[in-house]
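Each residue of the sequence shown is one higher than the one before, counting from 1 in UniProt numbering.
For every residue, glycine included, the Cβ atom is placed at its ideal position computed from N, Cα and C.
Report on the following structure.
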Amino acid sequence: MAKGVLLVVCLLCSIAFARGQDIITRTDGVILKAKVLEVQPTIIRYRKFGSADSLIFRISPSDVQSIQMEDGTMRTFSTPVTQSAGKKGKEPRDYETDFKRNVLSIYPLDFIYSNLTLSYERISSSGKVGIKIPVTIGLGEIRDYYAYAFRENTRFGAGLEVNIYPEGQGSLRYFLTPALNYRSFDVPYFEPNSGRFEPYEERASMITLGFKGGAFVQWGKFFQMSMDVGVGYRTFFADLPENEGYYNLESRLYLPGNLHLGFRF
Numbered sequence: 001m002a003k004g005v006l007l008v009v010c011l012l013c014s015i016a017f018a019r020g021q022d023i024i025t026r027t028d029g030v031i032l033k034a035k036v037l038e039v040q041p042t043i044i045r046y047r048k049f050g051s052a053d054s055l056i057f058r059i060s061p062s063d064v065q066s067i068q069m070e071d072g073t074m075r076t077f078s079t080p081v082t083q084s085a086g087k088k089g090k091e092p093r094d095y096e097t098d099f100k101r102n103v104l105s106i107y108p109l110d111f112i113y114s115n116l117t118l119s120y121e122r123i124s125s126s127g128k129v130g131i132k133i134p135v136t137i138g139l140g141e142i143r144d145y146y147a148y149a150f151r152e153n154t155r156f157g158a159g160l161e162v163n164i165y166p167e168g169q170g171s172l173r174y175f176l177t178p179a180l181n182y183r184s185f186d187v188p189y190f191e192p193n194s195g196r197f198e199p200y201e202e203r204a205s206m207i208t209l210g211f212k213g214g215a216f217v218q219w220g221k222f223f224q225m226s227m228d229v230g231v232g233y234r235t236f237f238a239d240l241p242e243n244e245g246y247y248n249l250e251s252r253l254y255l256p257g258n259l260h261l262g263f264r265f
């Protein structure tokens, strides 16, 4: 009698625990405990079962074998891939929940001005926010024309950027970025000396504050490309002769933009 009562109690507890839980079985055999919110022909939206946050995840029906609803009904979507046919099935990519949180990027357009820019980004576990630190090193020789010295005569630069991903991570996502950057550079100028104009250089610096928007596309688990554009304000700090006109070194609004090639790990 006692064993029978214990069995009934265990059964009731298991039913109560599973209440409200849906079971998603992917085509690669992975089982997800979830709360299915919406099923459409092209997308399935769900939340992780028992999760404290309110993140909504998405998965393609082509990557789902079946869904067992909380009421016990079963929905079948596709047949699981087997190896018996002699062909290895393609592993589905789930970049929304299974993503690399570190991104090391290079800025190829900066090579135009003989600069090397690398950045490191650390993405939060939710995939919603990334803290990015870009570093720039000037590789070229000092040019004697000051108009774009802050680009062509760069010595060192660094910054702090916050990438906000409203839809989290995925194969194609957009992001918004407030950014603060610092750069030091050399400004060439000429001063009269004994009837001749002698060349001189002055170390200057620039601070920029901007807001950008962009998007990235991910290829495989490790590689991505992103682009961003925006608007910002840059301020220059330099002790230069007053008799020279440094129009391009005046503080003003500007339009930042760049291309990034990244490696995720």
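A buried status is given to Tyr189, since no fewer than 16 other beta-carbon atoms sit within 10 Å of its beta-carbon. The C-beta distance from Val135 to Ala158 rounds to 5 Å, short enough to fall under 8 Å. The criterion of a C-beta distance shorter than 7 Å is satisfied by Ile207 and Tyr182. Partner residues in the beta bridge of Gly213, as assigned by DSSP, are Leu176 and Val229.
Its chain contains Arg47 as the residues whose beta carbon lies nearer than 8 Å to that of Ser54, once the 5 sequence neighbours on both sides are disregarded; these appear in chain order. Shown here for Ala34: same chain residues with a beta carbon closer than 7 Å to its own, the five before and five after excluded, namely Asp22, Ile24, Tyr46, Arg47, Lys48 and Phe49 in chain order.
Between Leu118 and Phe263 a beta carbon distance of about 11 Å is seen, past the 8 Å cut, so the two are scored as non-contacting.
CA-to-CA, the gap between Leu209 and Ile131 works out to about 16 Å.
Per DSSP, reduced to three states, the secondary structure at Ala158 is strand. Secondary structure at Ala238: coil, using DSSP grouped into helix, strand and coil. For Phe216 and Leu176, the gap between their C-alpha atoms comes out near 11 Å.
When the Cα atoms are used, Ser126 and Gly72 turn out to be separated by approximately 30 Å. Annotated as distal: Ser205 and Phe156, with beta-carbon spacing of 7 Å or more.
In the three-state reduction of the DSSP assignment, Asn115 falls in the strand class, which pools E and B. Beta-bridge annotation (DSSP): Gln68 is paired with Ile23 and Met74. Non-local C-beta neighbours of Thr76 in its own chain, meaning closer than 6 Å and more than five positions away in sequence, comprise Ser66, ordered along the chain. In the displayed model, Glu250 falls within coil according to three-state DSSP, outside both helix and strand. For Glu152, the uninterrupted alpha helix (DSSP H) run begins and ends at Ala149 to Glu152, by DSSP.
As DSSP reads the structure, Thr136 sits in a beta bridge with Thr117 and Gly157. Under the DSSP assignment, Phe57 falls in the beta strand (DSSP E) whose first and last residues are Phe57 to Ile59. In the DSSP assignment, the residues bridged to Asp186 are Arg203. Under the three-state reduction of DSSP, Ser105 is assigned to strand. With a beta-carbon spacing of about 6 Å, Leu139 and Leu116 fall inside the 8 Å limit used to define contacts. In chain order, Tyr233, Arg234, Thr235 and Phe236 place their CB closer than 8 Å to the CB of Ser251, counting only its own chain and leaving out the 5 sequence neighbours on each side. Cβ contact annotation for Ile133 (same chain, cutoff 8 Å, sequence separation greater than five): Ser119, Tyr120, Glu121, Ala158, Gly159, Leu160 and Glu161, in chain order. Contact check for Asn258 against Tyr113 fails: the beta carbons are separated by 7 Å or more.
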